[in-house]
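Chemist: Submitted below is the structure of interest, expressed as C-alpha cells.
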Amino acid sequence: MPTLSHAINTALREMQLGLAVQSDQGSLPLIPERVHLTLAFALDADGTTNASPGGPHSVTIEFKTSDLSSRPAVSPAPPAASAVRPATDEAGEIVSALSQLFGAPGFDSSARATVFREVLEGMPRKRVLAVLAAISTSPSARTDDATRMAAHLLRGVIQSGPTKALDSGVSTLRKVLSGHSLAEVLRAVESEWKTQSAWL
Numbered sequence: 011m012p013t014l015s016h017a018i019n020t021a022l023r024e025m026q027l028g029l030a031v032q033s034d035q036g037s038l039p040l041i042p043e044r045v046h047l048t049l050a051f052a053l054d055a056d057g058t059t060n061a062s063p064g065g066p067h068s069v070t071i072e073f074k075t076s077d078l079s080s081r082p083a084v085s086p087a088p089p090a091a092s093a094v095r096p097a098t099d100e101a102g103e104i105v106s107a108l109s110q111l112f113g114a115p116g117f118d119s120s121a122r123a124t125v126f127r128e129v130l131e132g133m134p135r136k137r138v139l140a141v142l143a144a145i146s147t148s149p150s151a152r153t154d155d156a157t158r159m160a161a162h163l164l165r166g167v168i169q170s171g172p173t174k175a176l177d178s179g180v181s182t183l184r185k186v187l188s189g190h191s192l193a194e195v196l197r198a199v200e201s202e203w204k205t206q207s208a209w210l
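First residue of the sequence shown: 11, per this note's numbering; consecutive thereafter.
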C-alpha cells in the first residue's frame, strides 16, 4: 500500500505530465490556478500513514487560459534532421532493456515489473542511485532501512528474472535510468507489463 506522501507525489506528477502533453500538442494554453486533491488514508499501528486503496480519491483542477493576444507570433522552426526520437522508439528501448530483468511482457514477468514500479515510484533520483549502489553491497552495509529494503526488493527482481546476475542487472538499470527519466521508465513499465490481474 503506498504511503500518503507517495500517493500525493504521484497524483501531482501525473497532473504535471498531463499538462506537459497538452502543451506539447499545441492545445489552448491552460494555466492551473487551483488544485484540490482529496485522498483517503489509513493510519497503521506503527504510525505509517498509507493511502487507502479503496478511495475515494479525487483531483479537481481549476484552469485559466493565457492571453493569446499577448503572446508573440512565432513561426515554427523547420524540423532538424537530428530531431528528438519519437516516444515510441524510446519506449521500445526501455522495454527491450528491462525485458532482460523482468522477462518479456506477460503474466509471469508482470509481478517483477510491479515490484520494480512500486519500489521506485516517487523516489528522487539521488535515492534511486543510492538504492542501485546498495543492491551490489552486503545487506549489512551502512544504509538506512528504506534504502536497504528497496535494494532487497530490487535484488529479488533481478535474481528471479532472466539476467539473474546482480552486476549485470544493476548495469542495465543504470543505463536505462541514465538515458531516460524515472517517470518515463515507470510509464513504459506500467504500459507494457501492466499487472498480473490485467493479464488474466
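All C-beta atoms in this analysis are idealised placements derived from N, C-alpha and C, irrespective of residue type, glycine included.
The structure presented is a predicted model; accordingly, all values stated were derived computationally and were not measured.
1) Note down, in chain order, each residue of its chain lying with its Cβ closer than 7 Å to the Cβ of Ser62, except the 5 sequence neighbours on either side.
2) Hey, would you say Gln169 sits closer than 8 Å to Leu176, going by beta carbons?
3) Could you give the residue range of the alpha helix (DSSP H) that holds Leu130?
4) Can you list, in chain order, the residues of its chain whose CB lies under 8 Å from that of Arg184, leaving out five sequence neighbours each side?
5) Under the rule that 16 or more other beta-carbon atoms within 10 Å means buried, what is Thr173, buried or exposed?
6) If you drop the 5 nearest sequence neighbours on each side, which residues of the same chain put their C-beta closer than 6 Å to that of His46?
7) What is the rounded straight-line gap between the Cα of Thr182 and the Cα of Leu108?
8) Measure the Cβ-Cβ separation of Ala198 and Ala101 and say whether it is below 8 Å.
9) Identify, in the order they occur along the chain, each residue of the same chain with its Cβ nearer than 8 Å to the Cβ of Ile145, setting aside the five sequence neighbours on each side.
10) According to DSSP, is Leu187 part of a helix, a strand, or is it coil?
11) Under DSSP, the alpha helix (DSSP H) around Arg164 begins and ends at which residues?
12) Reducing DSSP to helix, strand and coil, say where Leu47 ends up.
Modeler: In short, the structure shows the following:
1) Ala50, Phe51 and Ala52
2) yes
3) Phe117 to Leu130
4) Leu142
5) buried
6) Thr70
7) 8 Å
8) yes
9) Ala161, Leu164, Arg165, Ile168, Leu176, Gly179 and Val180
10) helix
11) The sequence as given places Leu at residue 164; Arg does not occur at that position. Where Leu164 is concerned, the enclosing alpha helix (DSSP H) stretches over Asp155 to Ser170.
12) strand
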